[in-house]
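Numbering (this note's numbering), first residue to last: 37 to 761. Input: a single structure, listed below in structure tokens.
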Amino acid sequence: MQRKKTQGVRLRSIILASAGALALSSAPGMAQSDPHAHAPRPASGSVPLGTITVVDTRSWWTNFVTASNEAPDSDLVAGRMSSNDAARLFERIPGVSLQSAGGVSALPVVEGFASDRVKTLVNGMSITSSCGNFMNPPLSYIDSGAVQSAKVYAGVTPVSMGGDSIGGTISASSAAPVFAPAGKTIIAGGRISSFFRSNGNGIGGNLYTYLATNDFSISYNGATVVQKNYRDGNGNGVGATLYKATNHLVRAAGRSENHRLGIDVGWQEIPYQGFVNQFMDMTDNRSVYVNANYAGDYNWGTFEARFFRHDVRHSMDKLEDKLRVSGRMPMETEGSDTGYKVQANITSLGGHILRLGNEYHRYRLDDWWPPVSGSMMMSPETYLNINDGRRDRFALFGEIETRWTPQWQTMFGVRYEHVITDTGTVRNYTGLTAEAAAFNARDRRREDHNLDLTGMLRYEPVSTHALELGLARKTRSPNLYERYAWSAGAMAASMINWFGDLNGYVGNIDLKPEVAHTARASLEWHDAGRRDWHVKLTGHYSRVDDYINAERIGLIGSATARRALLRFINHDAELYGANLEAAKYLGHAGGDWKIRSVVSYLAGKDLEADISLYNIMPLNALVALDHTLGNWSSTLEVLAVADKDRVDTQRFEQNTEAYALVNLRTRYTYGKARLDLGIDNLFDSDYQPSLGGLSAIVFTQTGNRNAARVQGPGRSFNAGLTVEF
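Right, here's the structure in full:
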């Protein structure tokens, strides 16, 4: 144990020393300025190559460091090379980590806030996970290859982009509609790509094609992938990590003078997806959606409107790997999201921009478990877990942004939300048990009146550095599972878990909304041209009143394989941390060279239970060396993660050891063809991801939590070919 502790301390020292060295090399006195340098620009406000981004030049708030971080093209390439999971596109953004789940269903964690605490928009739609294990989170409904813009608004989020969340907003968007330029009547084009990943024998492809006139555009974007179980760094197969997914999107758009109208129709099919850190697997997930939007320019400003409907039918049971160690347990879910958002951006007020808007979101959920023939515990009736679950959210917001001088900018916003949740009566497999009857006898309707406030200030005294400050009050109402998962039975409670810890969770009708008070400050230094070097330091602190945590109310399992039985409860909590970013152009020697780094530190504590919050990412650093020469571009990347030794003891959370991974990628473009090659985990390192949780298969077989820590994937050789037409 002393050896492991020493290794963890040494890795922390290496992480901090590397970050410090890079920051010093980026300092003004150390910079070797090159006016012709193709050097990195700061993440905020950047326009990545290959990303279609529309920026309203009458607005400055997109330049706020505290408001937005957009994944550069190199991060999008890295995410697409390694996975079809759109969540992987965000993991290199400062402060973002991923909680392990299925192959296309990882859960983003933004500075310690995960799942519903982060608002997630997919092409502007707010989609709810319709599963007690969160197997179908919002980002699982878009393939990574279809994402052209990936943005994160952390902590102090503008009220026009927030709502019903306390950790920030994530936005993933597909390519904007293409119209024929002036002088051309009609245009057509697209691209087709295929890829292979050796670890798991992953194979798939993407097709994007469009046809457009000056005023009308229609496009299709499709993607498919199939992958077997991956192998860890020791060459051992990791069960329940296989998946297959297909996504389709048809997008039509028209424009006339100052008005634009669009409609998307999309559908998805996931016939199977293993979940290594859950007792269940996804055995089917079929969804369809319609997403209509309008934007118009007027003499007073702009007006935007969106309406969407998303329906999903979701099935869970156990795939072959888990059926070897336990029996069947079918579970069915139907969910629907219906919503609209309208927003006026008034720009005719001199140096002010006023945004006024209204948003509505209607969510419906049915979650039932069919009986299993021949089972005494799971028959003879259908178990009703969530019956006619309802969650309605109505919001009004206003936001004013002002540029007082070229150096000073401010933004202030207020948002009110009225949230109503309710559900119908329930029953057990054996009928109306005492527990079900007690739940049915209660008044289950709850109304929340939530208030969000945001204030931001940006001061840029000279062209080489800037200061940003942000304060916010953010509120989130409990989701339907947190309030209405009614049974404390060991088997039923074990089916309510989106944390990957294999414990059982019970809802609490009396939960209050979470209220986060967040302070955030950023300091940024860079060369005047923003082309040679930059350093950015961001600190953040959140005090969360009525944070929805869990208290242990019992134990599950045998004496040699204990798990916790937990009930959701409101406790006060705090989260705080810092992100350091640095980048430096190194010069031209056989091509252009640049180095960039991100270091993140995070801590979280339940102030009432006096224990660490669950799944807090330990100190970590990413250092990347980029090289470009003509049509070649390459990246050597090192990810280092320290020991995770602050854990939630109530949940039996396991420590994880420090690890380091090396990834290598290269890309060559020739005309309209592009070849991508890469190696993930170059040295085939054996490691356990810090937010990986426990393997249900290994724990069922051994009862040993230490042995059940999920193993990360070993070395993978990746290749992709893309041809435009």
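Where a beta carbon is used, it is the ideal one built from N, C-alpha and C, also for glycine. Here the structure is a predicted model, which is why all the values come from computation and not from measurement.
Query: Sequence-distant residues of its chain with Cβ nearer than 8 Å to A696 (five each side left out); Result: L47, V674, L675, A676, V677 and S721
Query: Straight-line Cα distance separating G460 from Y452; Result: 27 Å
Query: A276 beta carbon less than 8 Å from that of V261; Result: no
Query: Where L516 falls, given that 16 or more other Cβ within 10 Å makes a residue buried; Result: buried
Query: Outcome for V3 when other beta-carbon atoms lying within 10 angstroms are tallied against a minimum of 16; Result: Since the first and last residues shown for the chain are 37 and 761, residue 3 lies out of range.
Query: Closest Cα partner of Y189 within the set N717, I129 and R426; Result: I129
Query: For A696: DSSP bridge partner residues; Result: A676
Query: A328 and R342 closer than 8 Å at C-beta; Result: yes
Query: Segment limits, alpha helix (DSSP H) that includes M527; Result: A526 to S530
Query: Exposed unless 16 or more other CB atoms sit within 10 angstroms - verdict on G467; Result: exposed
Query: Own chain, CB closer than 7 Å to S172, minus 5 neighbours either side, in chain order; Result: The identity of residue 172 in the sequence shown is Asn, whereas the question assumes Ser. Here the set comprises S141, S165, S166, N321, V348 and H350.
Query: Residues sharing a beta bridge with N327, DSSP; Result: D300 and F344
Query: DSSP three-state assignment for G536, whether helix, strand or coil; Result: coil
Query: Between the CA atoms of T685 and D268 - distance to the nearest angstrom; Result: 27 Å
Query: Supposed contact pair R710 and S670 - C-beta distance, whole angstroms, cut 8 Å; Result: Contact flag wrong, Cβ pair sits at about 14 Å.
Query: Assigned exposure category for Q443 - 16 Cβ within 10 Å defines buried; Result: exposed
Query: Endpoints, beta strand (DSSP E) assigned at T738; Result: Premise fails: T738 lies in the alpha helix (DSSP H), A732 to T738, not in any beta strand (DSSP E).
Query: DSSP three-state assignment for E395, whether helix, strand or coil; Result: strand
Query: Short Cβ contact (8 Å threshold) for H607 with A639; Result: no
Query: CA nearest to the CA of Q747, picked from T156, G728 and A600; Result: G728
Query: Rounded straight-line distance, which links the Cα of L643 to that of R566; Result: 42 Å
Query: Straight-line Cα distance separating Y308 from I592; Result: 28 Å
Query: Option nearest K510 by Cα separation, candidates W561, A473 and T554; Result: T554
Query: Cutoff 6 Å; reference L573; Cβ partners in own chain excluding five residues on either side; Result: L559 and L616
Query: Sub-8 Å separation of F604 and N533 beta-carbons; Result: no
Query: Reduced DSSP secondary structure (H/G/I, E/B, other) of S633; Result: strand
Query: Whole-number beta carbon distance between W404 and E368, since they are thought to touch under 8 Å; Result: 6 Å
Query: Cβ distance (whole Å) where T490 is taken to contact V192 below 8 Å; Result: 6 Å
Query: Opposing strand residues paired with S133 [DSSP bridges]; Result: V145
Query: Three-pair Cβ contact test at 8 Å for the segment 359-376 versus the segment 406-421; Result: yes
Query: Within 8 Å, strictly: CB atoms of H397 and R429; Result: yes
Query: Coil, strand or helix - L125 by DSSP; Result: helix
Query: C-alpha gap between E340 and I239, whole angstroms; Result: 39 Å
Query: Beta-carbon proximity check, G756 vs S230, cutoff 8 Å; Result: yes
Query: F762, enclosing alpha helix (DSSP H) - first and last residue; Result: This structure leaves residue 762 out entirely; the chain is present only between 37 and 761.
Query: Host alpha helix (DSSP H) of D357 (start-end); Result: E356 to L359
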